[in-house]
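Following our numbering, the numbering of the sequence shown begins with 84 at its first residue and continues without gaps.
The block underneath contains the structure these notes are about, expressed in structure tokens.
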Amino acid sequence: MKFDISGEALHDVQGLSSIPEALMRVAEKYPEKIAFQEPDSQGNYRSITFHDLRRKIDCLARALLDREEKPVVGITGMNSVAWAVTYLATLRAGGIVVPIDRELPVPEMLTILHYSGSNIIFFDEKYADDFIDILSSRNIRMVAMNTAHCEGIPVFNDLIREGAGSSVHLPDTWDCDAPASICYTSGTTGQAKGVVLSQNNILANVRQMRQIVDINADDVFLSILPVHHTFECTCGFLCPVTIGSTIYICRGIRNVAEDMVNSKATILMAVPLLWEAMYRKIFGAIQSMKGGPFKYRLGLTISSVGEILGRRGMRKKVFSKVHDKLGGSMRLCISGGAGIAPDVVDGFLKLGFTFIQGYGLTETAPIISVNTEKRNRIGSVGPVLPGVTVRIEDPDLEGNGEIIVKGPNIMKGYFNNPEATAEVLSDDGWFRTGDYGHIDDDGYLFITGRKKNVIIAKNGKNVYPEEIEMKISQDLNILECMATGKKTETKGEEIWLIIVPNMEKFIEYAEENNFSLSTEYLAEYMKKVVRDFNSSQPLYKRIARFIIREDEFPKTTTRKVRRKEALREAGLEEEVSYRV
84 MKFDISGEAL
94 HDVQGLSSIP
104 EALMRVAEKY
114 PEKIAFQEPD
124 SQGNYRSITF
134 HDLRRKIDCL
144 ARALLDREEK
154 PVVGITGMNS
164 VAWAVTYLAT
174 LRAGGIVVPI
184 DRELPVPEML
194 TILHYSGSNI
204 IFFDEKYADD
214 FIDILSSRNI
224 RMVAMNTAHC
234 EGIPVFNDLI
244 REGAGSSVHL
254 PDTWDCDAPA
264 SICYTSGTTG
274 QAKGVVLSQN
284 NILANVRQMR
294 QIVDINADDV
304 FLSILPVHHT
314 FECTCGFLCP
324 VTIGSTIYIC
334 RGIRNVAEDM
344 VNSKATILMA
354 VPLLWEAMYR
364 KIFGAIQSMK
374 GGPFKYRLGL
384 TISSVGEILG
394 RRGMRKKVFS
404 KVHDKLGGSM
414 RLCISGGAGI
424 APDVVDGFLK
434 LGFTFIQGYG
444 LTETAPIISV
454 NTEKRNRIGS
464 VGPVLPGVTV
474 RIEDPDLEGN
484 GEIIVKGPNI
494 MKGYFNNPEA
504 TAEVLSDDGW
514 FRTGDYGHID
524 DDGYLFITGR
534 KKNVIIAKNG
544 KNVYPEEIEM
554 KISQDLNILE
564 CMATGKKTET
574 KGEEIWLIIV
584 PNMEKFIEYA
594 EENNFSLSTE
604 YLAEYMKKVV
614 RDFNSSQPLY
624 KRIARFIIRE
634 DEFPKTTTRK
644 VRRKEALREA
654 GLEEEVSYRV
């Protein structure tokens, strides 16, 4: 049994023929408009206009072509103008860009350089010693970014100056169906998968997103997520830079609130963990304020009455102090990269924020579906993008099956890995996401969980860990949790839960009530949470045992939990072994 659904456009958006051409068009239309604002080493901000951005891109593109006829350029470092210019200059030169996670150990970065065939690497100065020691004997050119000098190798500005004096011819047409970017997914051994995206893939996704989400040249994007990540790269970098929006680079997670105020950002894209942290902080402040809970409930009542009477923007006015704390200009909050708790989305909406959630993968460039201001269903990841078709394959009795996707944004394949490509991409272009989900009667897509994480109960039914985790995490005294299946001889897979308590909350409560916090107290509290959950679930979905973990789960740079690593640390993940 199969069920297909395709997306529909809400806005008329002009097509883009190539990324370099789109940037040229923007630079001609808005030459003096600020393209980027970035912090220097002291935290002071400097700006670059679209005219100067284009000039630097052309200069660096010439310098790249002076070095390599076909540049394959690795980039690793903090979000910066230099990072952006390097990416765009590589495409301008007709090359291939290889974004690399800046938090990876250097040996894993070197693995990516090897498997991608990179012949140039741009990196921040802090990596210089490691790269110079290892790469000096290899045929890979090195360039240091965001520094005035680096012993033994050229720096970014050296290449800009060289390119300004170069007479090399820059291409004026590009093969936009050829590989433009190789993005390596999690796993950096010999089996690492390099997702090959063309300019057509990326531009299709930019256009699809703009067709259903209202984004324009007046917007200011606050850049928080690492730009090597496809979500940030396509949606928070290439989308604004090809339509003339301004990108304000955040100084770091600790400075988000202050930078939202200083930048007057209108759009913020972040992962669920950041949104959930902001949500807890906002509502914690409301709860601790004198009369706060009453004022909040009163504000909700006034807002609801105002909306019934047709007064638009009533919630933003009622909760204006909260909006002012976040800059006062935020008109669109976007969550992606993982599932977000519905109560967090609902909480932001009640405060008058336009808050939407989307879904996608690196292999889909990355967006597949996203809610919109007018079509926003809490708990879903929205309607499918225009030009994308989603199929739910082999749905169960509840309508959940594997999500299969087809569209112009689907990757070309995994770099030099036809076997892995064939496992997920059919000859006629259908991509297997590895996610389970369903589509409701109104066309909203819901994600149930990852195929590889599914727990098989004794009765043969599927249990999705993500659903359990989302419900348990609604308790504000739980920082995070992870559900998994543990095989038994007679009961199929038992559901085990790893819980990370919010120790700040527990300590605060213990001090207020003058008692000493103990392991036994934490265990009894968690038992009650689990028992309450179990009482609302059928037998096969009930948690059998739980583990209390002191530290947060290990995470990627985009704050995704490393499930295998966390399970291995808890003794719930078997190590791979090989017979001799």
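From the three backbone atoms N, C-alpha and C, an ideal C-beta is built for every residue, glycine too.
Inter-residue CB distance, residue i and residue j (contact presumed, cutoff 8 Å)
i: A263; j: V354; result: In fact, because the Cβ distance is near 25 Å, the residues do not count as touching under 8 Å.
i: V339; j: C333; result: 6 Å
i: E151; j: N202; result: 5 Å
i: R185; j: M161; result: 7 Å
i: I295; j: A92; result: 7 Å
i: D342; j: L308; result: Incorrect: roughly 13 Å between the Cβ atoms, too far for contact.
i: P491; j: I461; result: Rounded, the Cβ-Cβ distance is 29 Å, inconsistent with contact.
i: K534; j: E485; result: 6 Å
i: I140; j: R108; result: That pair is no contact at about 13 Å.
i: A165; j: L136; result: Their Cβ separation, rounded to whole angstroms, is 11 Å, which puts A165 and L136 out of contact at 8 Å.
i: G512; j: K489; result: 5 Å
When the options are compared against residue i, the one with the closest alpha-carbon
i: Y198; options: Y210, I183, H521; result: I183
i: D149; options: R224, E191, F214, T317; result: R224
i: L280; options: Q370, K610, A448; result: A448
i: V289; options: M107, D518, E315; result: E315
i: K665; options: I195, D510, E481; result: Since the first residue shown for the chain is 84 and the last is 663, residue 665 is missing from the structure and cannot be characterised.
i: G532; options: N483, Q97, K570; result: N483
i: D479; options: V473, D524, Q557, G543; result: G543
i: G435; options: G443, G441, K399, N454; result: K399
i: I298; options: I417, D342, V401, T268; result: I417
i: S101; options: F589, P254, V583; result: P254
i: V156; options: I179, D141, V168, V164; result: I179
i: S371; options: E591, S452, I326; result: E591
i: F498; options: P237, I369, V181, V278; result: V278
i: I539; options: I530, T571, H521; result: T571
i: D477; options: N500, I493, L528, Y519; result: Y519
i: I530; options: S556, G441, N585, S618; result: G441
Which residues DSSP lists as bridging residue i, in chain order
i: H521; result: F529
i: F377; result: Answer is none; F377 lacks a bridge partner.
i: I538; result: V546
i: A566; result: L580
i: K638; result: V644
i: V303; result: T329
i: R628; result: W579
i: I131; result: F119
i: V279; result: I265, G496
i: G90; result: P469
Cα-Cα separation, residue i to residue j
i: Q120; j: H134; result: 14 Å
i: K276; j: N283; result: 20 Å
i: T272; j: E652; result: Any answer about T272 is weak, because its pLDDT of 37 lies below 50 and its placement is not dependable; what the coordinates show is given next. If you take the alpha carbons of T272 and E652, they lie about 20 Å apart.
i: V612; j: N560; result: 10 Å
i: S463; j: W257; result: 38 Å
i: A649; j: P637; result: 6 Å
i: E502; j: V96; result: 37 Å
i: N345; j: D615; result: 44 Å
i: L673; j: V226; result: As displayed, the chain neither begins before 84 nor continues past 663, which places residue 673 out of reach and without an answer.
i: G396; j: L432; result: 11 Å
i: P466; j: G526; result: 6 Å
i: D260; j: E245; result: 30 Å
i: V507; j: T516; result: 7 Å
i: A211; j: T437; result: 43 Å
i: N454; j: L383; result: 23 Å
i: L321; j: E587; result: 39 Å
i: Y331; j: T640; result: 19 Å
i: G177; j: P154; result: 8 Å
i: T445; j: V473; result: 16 Å
i: F205; j: I158; result: 5 Å
i: W579; j: H94; result: 46 Å
i: E550; j: R625; result: 12 Å
i: T329; j: I581; result: 42 Å
i: S219; j: M413; result: 47 Å
i: H311; j: E603; result: 43 Å
i: C142; j: G319; result: 24 Å
i: G470; j: S89; result: 7 Å
i: D429; j: M361; result: 13 Å
i: T194; j: T173; result: 21 Å
Below-7 Å beta-carbon distance, residue i vs any chain D residue
i: K276; result: Looking at the structure shown, chain D is missing, and only one protein chain is on hand.
message: Runs of 4 residues minimum, wholly inside the stretch 413-474: which ones carry the alpha helix (DSSP H) assignment?
response: Fully enclosed alpha helix (DSSP H) runs of 4 or longer: 425-433.
Runs of beta strand (DSSP E) lying entirely within the stretch 483-515, each at least 3 residues, in chain order: DSSP runs (the beta strand (DSSP E)) wholly in the stretch 483-515: 484-489.
- prompt: In chain order, which continuous runs of the beta strand (DSSP E) of length 3 or greater are located wholly inside the stretch 138-188?
  reply: Positions of the beta strand (DSSP E) runs, each at least 3 residues long and wholly inside the stretch 138-188, are given as 155-159, 179-182 in order along the chain.
3-residue-minimum beta strand (DSSP E) runs that sit fully inside the stretch 183-250, ordered along the chain: Counting whole runs of 3 or more residues, the stretch 183-250 contains the beta strand (DSSP E) stretches 203-207, 224-228.
Continuous beta strand (DSSP E) assignments of at least 3 residues falling wholly in the stretch 310-359: Restricted to the stretch 310-359, the beta strand (DSSP E) segments that are unbroken, complete and at least 3 residues in length are 329-332, 350-353, listed in chain order.
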